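> Sending over a structure as structure tokens; questions will come in a sec.
Residue numbers (UniProt numbering): 1 to 254.
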């Protein structure tokens with residue numbers, strides 16, 4: 001069998017070569033940001049260095065971790081690529097890690113729920129029509145028109161959330177005060193967009209005009225999406241994933 005592979009290489013046939021066995025243990029760390037700050041710091045400072053030594057000394061493997069709560073850059077925020085970046089990294093960890101590939105730390109917070117960076121054209125047009133003609137929110141309709149633009153190159157066609165800096169140029173300013181002001185303005189705008197899209201989605205779901213899956217896109221958090229992709233959709237979740245739950249029993253007393 002091996003000789004056949006060698007002959008294929010010599011003849012320039014490299015399409016069906018076997019995958020080279022990975023020598024990496026790569027773990028995606030999922031969590032909400034402020035809720036598990038101490039735990040994530042402890043992993044980075046106390047646990048991961050020991051795991052790195054253990055993997056190298058015992059098995060000759062390289063240990064890596066991906067904690068995207070620390071790694072999301074300004075450009076990813078500007079083009080709304082945070083969710084896609086996280087989900088792509090999860091797939092890379094699942095593909096290349098020879099052992100555990102996903103760890104989630106859960107406590108009392110649900111996690112941030114950004115507005116979708118891309119909405120199927122038929123769904124967006126239905127929601128926008130609902131905002132304008134059913135909820136009578138004309139200003140919100142204008143806001144949706146300003147921030148979401150149709151891209152017919154997508155399959156199927158979709159409305160794409162525009163880069164923040166394309167409308168608020170100071171979001172990428174080198175002046176700290178200008179950045180803060182632009183960020184403050186974007187938070188107000190994104191909150192308004194979020195509210196209008198959710199209200200429209202709720203009404204459309206009640207009328208059975210959209211599916212529950214469509215509805216969920218406007219409500220579930222990044223953390224839940226990570227868990228769906230990292231654990232719930234994984235065939236080998238029992239062998240390759242870990243979930244740590246922290247419950248503070250008297251949290252409402254503090």
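Backbone N, C-alpha and C fix where the C-beta goes; we use that ideal spot for every residue, glycine too.
All figures in this text were calculated on a predicted structure; none of them were measured in a lab.
Between residue 82 and the rest of its own chain, which residues show a CB-CB distance below 8 angstroms, the 5 nearest in sequence each way excluded?
For the purposes of this step, residue 82 is taken as the residue at position 82 of the chain shown. Within the same chain, residue 82 has close Cβ partners 68, 72, 76, 114 and 222.
> Take residue 102 as the anchor and find which of 110, 64, 126 and 121 has the nearest alpha-carbon.
Counted from its first residue, the chain shown places residue 102 at position 102. Comparing Cα positions, the closest option is 64.
> Can you tell me which residues form a DSSP beta bridge with residue 243?
Position 243 of the chain shown, counting from 1, holds the residue named residue 243. 104.
> Rounded to a whole number of angstroms, what is the C-alpha to C-alpha distance between residue 28 and residue 242?
Start at 1 with the first residue of the chain shown, and residue 28 comes out as number 28. Start at 1 with the first residue of the chain shown, and residue 242 comes out as number 242. The straight-line gap from Cα to Cα measures roughly 10 angstroms.
> For residue 194, tell me which candidate among 205, 220, 175 and 210 has the shortest Cα-Cα distance.
If you number the chain shown from 1, residue 194 lands on position 194. Closest by alpha carbon: 220.
> Confirm, please, whether the CB-CB distance from residue 146 to residue 168 is below 8 angstroms.
On the chain shown, position 168 is the one that residue 168 refers to. On the chain shown, position 146 is the one that residue 146 refers to. Contact: no.
> Going by alpha carbons, who is nearest to residue 110 out of 43, 225 and 85?
The sequence position of residue 110 within the chain shown is 110, counting from 1. The option with the nearest alpha carbon to residue 110 is 225.
> Going along the chain, which residues of its own chain have a beta-carbon closer than 6 angstroms to the beta-carbon of residue 61, five neighbours each way excluded?
Indexing the chain shown from 1 puts residue 61 at position 61. Taken in chain order, the residues that qualify are 23, 25 and 55.
> According to DSSP, what are the bridge partners of residue 158?
Counting from 1 along the chain shown, the entry for residue 158 is found at position 158. Answer is 120 and 151, bridged to residue 158.
> Comparing alpha-carbon positions, which option in 209, 31 and 92 lies nearest residue 107?
Start at 1 with the first residue of the chain shown, and residue 107 comes out as number 107. The shortest C-alpha separation from residue 107 is found at 31.
> For residue 196 versus residue 131, is the C-beta distance shorter than 8 angstroms?
Looking up residue 196 in the chain shown gives position 196. Looking up residue 131 in the chain shown gives position 131. Against a cut-off of 8 angstroms, the Cβ pair of residue 131 and residue 196 comes out as a contact.
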